[in-house]
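Shown next, in structure tokens, is the structure this report addresses.
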Amino acid sequence: MKTRLDRIKKDIEKLAEYNATPGQGLTRFSFSEEDRRAREYIKEQMILAGLEVYEDAAGTVVGRRNGRDNNLPSVMVGSHFDSVRNGGNFDGPAGVVTALEIARLLHENNIETEHPIEFVALVEEEGGRFGAGLFGSRAMVGRVSEQELNSNRDENGITTGEAMLKFGLDPCTIQKAKRPPGSLKAFFELHIEQGPVLEAERKDIGIVNTIVGIRHYEVEITGRPDHAGTTPMNMRADALVLSSKVVMAVNKLAKEAGEGTVATVGSLRVSPGATNIVPGKVVFTIDIRSRNEENIETIIDGVKTLLTEGCKEEGLSHSVNCKIAVSPVHVPGYIIDILKKKCRELGLSYKEMISGAGHDAMVMAEITDACLVFVPSRGGRSHCPEEWTDYEQLQKGVQLIFKTILDVAGVAKQ
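Position in the sequence shown (first residue = 1) + 521 = the numbering used here.
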């Protein structure tokens with residue numbers, strides 16, 4: 522039983538058509554018209570593959586294939602189908618297409634598994650529209666709050682909850698998306714690497730053994746806007762000066778932490794933002810990632826200490842808001858062993874890796890065993906129009922996930 526390259530290619534190209542920025546990369550935000558058209562295609566393909574299809578309370582598309590014993594926990598496979606602005610065609614859809622092709626193979630070959638299998642297309646993983654990513658998977662583990670639905674807004678001021686209502690979903694029922702304890706046996710996600718390692722080392726597959734922990738913070742420092750020419754230096758409450766010290770400290774603390782720890786200040790907004798006015802307020806983000814959660818804690822503790830002391834000295838005030846907090850994930854050894862065995866059987870070269878990017882798999886690891894497999898990215902490019910993975914390489918990854926799921930879900934004996 523072999524996956525079909527023509528169908529994999531068709532799925533990727535078809536999903537790429539549902540795009541708000543043709544010719545400028547892929548832009549498909551959640552709960553948009555492009556989202557609606559993409560999910561219609563996904564649901565259509567799931568139905569053709571014999572699945573029972575529905576959308577959960579968060580808007581994730583789910584296709585279920587019953588097992589011989591439906592009281593057993595399900596094996597789940599899939600990824601997200603939203604995108605960043607002006608991104609590529611493979612980030613997320615590669616995993617959704619994997620799920621579709623596996624569903625077809627099971628259906629065409631009348632394969633019955635002991636465990637039920639669920640095929641998913643998750644929403645708002647990127648956070649491209651509302652700023653807080655991993656939405657579909659976080660809803661499945663019960664980590665989407667009413668406050669988030671009412672406070673996170675897109676660039677037009679529309680809240681997540683309002684967008685869901687307009688899309689035909691009821692945000693008041695979001696907790697219904699939460700999966701009961703013990704309802705899932707494992708979660709499988711195929712993803713493009715989004716880095717250059719596999720291509721450079723000529724490896725077919727990246728077997729992820731660890732997914733780094735991630736924290737996203739929004740920091741606000743408030744001082745006082747004053748005239749830049751008439752306010753003496755010793756009488757200023759300049760929010761940008763302390764912000765600059767924090768930015769430098771974030772860089773220094775991450776380097777000191779080691780173990781591959783990284784920290785980034787990626788967005789900074791200065792108000793009023795005029796040449797001749799002392800900055801009265803600065804809002805900036807901090808992204809911290811490490812395989813060791815203690816390193817993350819050390820960095821943010823250092824930042825908070827600097828903020829407290831700096832604000833006291835300079836007559837400023839501050840707030841620190843944690844937007845996303847996900848602990849490091851270590852993939853279970855038995856799954857890694859199965860993946861290695863299947864790679865050898867299929868003649869695929871592989872490399873064990875640490876994932877420095879966040880994926881739905883790391884959230885799902887809170888409630889089940891999670892598996893993450895990478896396929897090569899040309900030039901390591903991602904989140905840009907140039908993002909590309911050769912279809913033949915993608916097919917190898919799909920075949921690997923298919924064979925592994927058969928082992929984990931168990932082929933029913935006739």
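Even glycine gets a Cβ: it sits at the ideal position worked out from N, Cα and C.
Remember, predicted model here, so these are calculated numbers, not experimental data.
(request) Count the other C-beta atoms from every protein chain shown that fall within 10 angstroms of the C-beta of D858, then say buried if there are 16 or more, exposed otherwise. (result) exposed
(request) Would you kindly work out how many angstroms separate the C-alpha atoms of A882 and L686, rounded to a whole number? (result) 27 angstroms
(request) Quick one: using the 10 Å Cβ neighbour count with 16 as the cut-off for buried, is E678 buried or exposed? (result) Checking the displayed sequence, the identity of residue 678 turns out to be Gly instead of Glu. Exposed, since its Cβ has fewer than 16 Cβ neighbours within 10 Å.
(request) Answer with buried or exposed for S666, where buried requires no fewer than 16 other C-beta atoms within 10 angstroms of its C-beta. (result) exposed
(message) Judging by CA-CA distance, which residue of P637, L828, A660 and L915 is the nearest neighbour of G588?
(response) Of P637, L828, A660 and L915, the residue nearest in Cα terms is P637.
(message) Which residue wins for smallest C-alpha separation from T743, given the options V841, E647, A770 and N772?
(response) V841
(message) Quick check: the segment 772-784 against the segment 799-811, are at least 3 beta-carbon pairs closer than 8 angstroms?
(response) Touching, per the Cβ criterion.
(request) Below 8 angstroms on the Cβ atoms is my guess for Q916 versus I529; work out the distance and round it to an integer in Å. (result) 6 angstroms
(request) Report buried or exposed for C892, applying the criterion of at least 16 other Cβ atoms within 10 angstroms of its Cβ. (result) buried
(message) Pull the bridge partners of G599 from the DSSP assignment, please.
(response) V641
(request) Determine the DSSP secondary structure at H628, reduced to helix, strand or coil. (result) helix
(request) Count the other CB atoms, across all protein chains shown, that sit within 10 Å of the CB of H601; report buried if there are 16 or more and exposed otherwise. (result) That one is buried.
(message) Assuming K697 is part of the alpha helix (DSSP H), what are its boundary residues?
(response) Here K697 belongs to no alpha helix (DSSP H), and DSSP marks it neither H nor E.
(request) Using beta-carbon positions only, say whether Y539 and D527 come within less than 9 angstroms of one another. (result) Cβ distance not < 9 angstroms, so Y539 and D527 don't count as in contact.
(message) Suppose you measure from the CA of V767 to the CA of R736; what does that come to, to the nearest Å?
(response) 16 angstroms
(message) On the CB-based measure, 16 or more other CB atoms within 10 Å of its CB, does A559 come out buried or exposed?
(response) Burial state of A559 is buried, judged by a 10 Å Cβ sphere holding 16 or more other Cβ atoms.
(request) Classify D556 as helix, strand or coil using the three-state DSSP reduction. (result) helix
(request) Please work out which residues of its chain come closer than 7 angstroms, Cβ to Cβ, to T694, disregarding the five sequence neighbours upstream and downstream, and give them in chain order. (result) A578
(message) Give me, in chain order, the residues of the same chain whose beta-carbon lies closer than 7 angstroms to that of K863; leave out the 5 immediate sequence neighbours on both sides.
(response) L921, K924 and T925
(request) Tell me, to the nearest whole angstrom, how far the beta carbon of V733 is from that of P853; I am working on the premise that it is less than 8 angstroms. (result) With a contact defined as Cβ atoms closer than 8 angstroms, V733 and P853 miss out at about 17 angstroms.
(message) Just verifying my parser: in three-state terms, what is the DSSP assignment at Y871?
(response) strand
(message) Please state the DSSP three-state secondary structure of F709.
(response) strand
(request) Could you have a look at K863 and say whether DSSP puts it in helix, strand or coil? (result) helix
(request) Less than 8 angstroms between the CB atoms is what I'm expecting for G836 and A758, so what's the real figure, rounded? (result) 5 angstroms
(request) Compare the beta carbon distance of I563 and L621 with 9 angstroms and say whether it is the shorter of the two. (result) yes
(request) Report back the beta-carbon spacing between R586 and G571 to the nearest angstrom; my notes put them in contact at under 8 angstroms. (result) 7 angstroms
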